[in-house]
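Sequences listed follow chains C and W, in order. Numbering of the first sequence is given in my numbering, commencing with residue 1 and proceeding in unit increments. Numbering of the second sequence is given in my numbering, commencing with residue 1001 and proceeding in unit increments. Idealized CB from N, CA, C, for every residue including glycine. Before any comments, here is the structure.
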Amino acid sequence: QKEVEQNSGPLSVPEGAIASLNCTYSDRGSQSFFWYRQYSGKSPELIMFIYSNGDKEDGRFTAQLNKASQYVSLLIRDSQPSDSATYLCAVVTSWGKLQFGAGTQVVVTP
Amino acid sequence: GAVVSQHPSRVICKSGTSVKIECRSLDFQATTMFWYRQFPKQSLMLMATSNEGSKATYEQGVEKDKFLINHASLTLSTLTVTSAHPEDSSFYICSADNVGKETQYFGPGTRLLVL
């Protein structure tokens, strides 16, 4: 079992719609959770982090965390073509290591 | 804040030569830096964790004698790919641990092509 799992996609989303990305993790002791965006040929950039159960909103992005279900998600509202990228979920494990998922490719279609 | 730079951004070298990649934290001190490798259409693979003033910790399967890491100061870590071969061609990305932020900030990456 991978420590951080994501659906590889591609997730096709019409422009203006909501993109919903999911991530599950295996280490129940994980406390910190991050979403990175990576454009093709570029390095990842941090877009959201969340530590507590519930929702955290930042602009068009909302991160949702459910530690009981070991599940973290990212919603992108009013999706734009510029949101087309691979989104990486990352989790700091109980032994302090940042583990990345394989990423979900999002394609926003005009 | 939290800017990480890498140099060079792109390098082409002949098989058998060595290549050095620099990673710098520009506006913060990083006691820990990380080196990743990413092949096309694959996720990031952690190669090693570099701690300032001590030996790097390598992930399983990564040859420490081939990928030399030096972290001489709180703002600079270097990765040297020794005796590079075509299979070492990849996108090498460093990141730095911003103490207190509990996350990593990535450099722009170095694309290595070994002919």
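Nearest-angstrom beta carbon gap, residue j and residue i [assumed within contact, 8 angstroms]
i, j, result
"residue 6 (chain C)", "residue 102 (chain C)", "6 angstroms"
"residue 1074 (chain W)", "residue 1104 (chain W)", "That pair is no contact at about 15 angstroms."
"residue 1084 (chain W)", "residue 1062 (chain W)", "In fact, because the Cβ distance is near 15 angstroms, the residues do not count as touching under 8 angstroms."
C-beta contact flag for residue i and residue j at 9 angstroms
i, j, result
"residue 1018 (chain W)", "residue 1057 (chain W)", "no"
"residue 38 (chain C)", "residue 85 (chain C)", "yes"
"residue 1122 (chain W)", "residue 1021 (chain W)", "Chain W is shown only over 1001 to 1115; residue 1122 (chain W) falls outside these bounds and no answer can be derived."
"residue 1097 (chain W)", "residue 1034 (chain W)", "yes"
"residue 9 (chain C)", "residue 107 (chain C)", "yes"
"residue 61 (chain C)", "residue 46 (chain C)", "no"
"residue 1090 (chain W)", "residue 1107 (chain W)", "no"
CA-to-CA distance, residue j to residue i, given in whole angstroms
i, j, result
"residue 56 (chain C)", "residue 50 (chain C)", "7 angstroms"
"residue 1072 (chain W)", "residue 20 (chain C)", "42 angstroms"
"residue 1003 (chain W)", "residue 1038 (chain W)", "20 angstroms"
"residue 26 (chain C)", "residue 70 (chain C)", "7 angstroms"
"residue 1043 (chain W)", "residue 104 (chain C)", "10 angstroms"
"residue 1055 (chain W)", "residue 1045 (chain W)", "20 angstroms"
"residue 79 (chain C)", "residue 1068 (chain W)", "42 angstroms"
"residue 1092 (chain W)", "residue 24 (chain C)", "26 angstroms"
"residue 1032 (chain W)", "residue 81 (chain C)", "35 angstroms"
"residue 48 (chain C)", "residue 35 (chain C)", "5 angstroms"
Please list the residues of the stretch 44–66 of chain C that have a C-beta atom closer than 8 angstroms to any C-beta atom in chain W, keeping them in chain order.
Identification of residues in the stretch 44–66 of chain C having a C-beta nearer than 8 angstroms to some C-beta of chain W yields 44, 45, 46, 49, given in sequence order.
So if I threshold CB-CB distances at 9 angstroms, which residues from the stretch 1006–1035 of chain W count as touching chain C?
Result list: 1006, 1034.
Between the stretch 1037–1052 of chain W and chain C, which residues of the former have CB atoms less than 7 angstroms from a CB of the latter, in chain order?
1043, 1044
Proximal residues, the stretch 1062–1074 of chain W versus chain C, C-beta separation under 9 angstroms:
none
Using a Cβ cut-off of 9 angstroms, which residues of the stretch 81–104 of chain C contact any Cβ in chain W, in chain order?
86, 88, 90, 92, 97, 98, 99, 100, 101, 102, 103
Short of 8 angstroms Cβ to Cβ, which residues in the stretch 2–23 of chain C face chain W?
none
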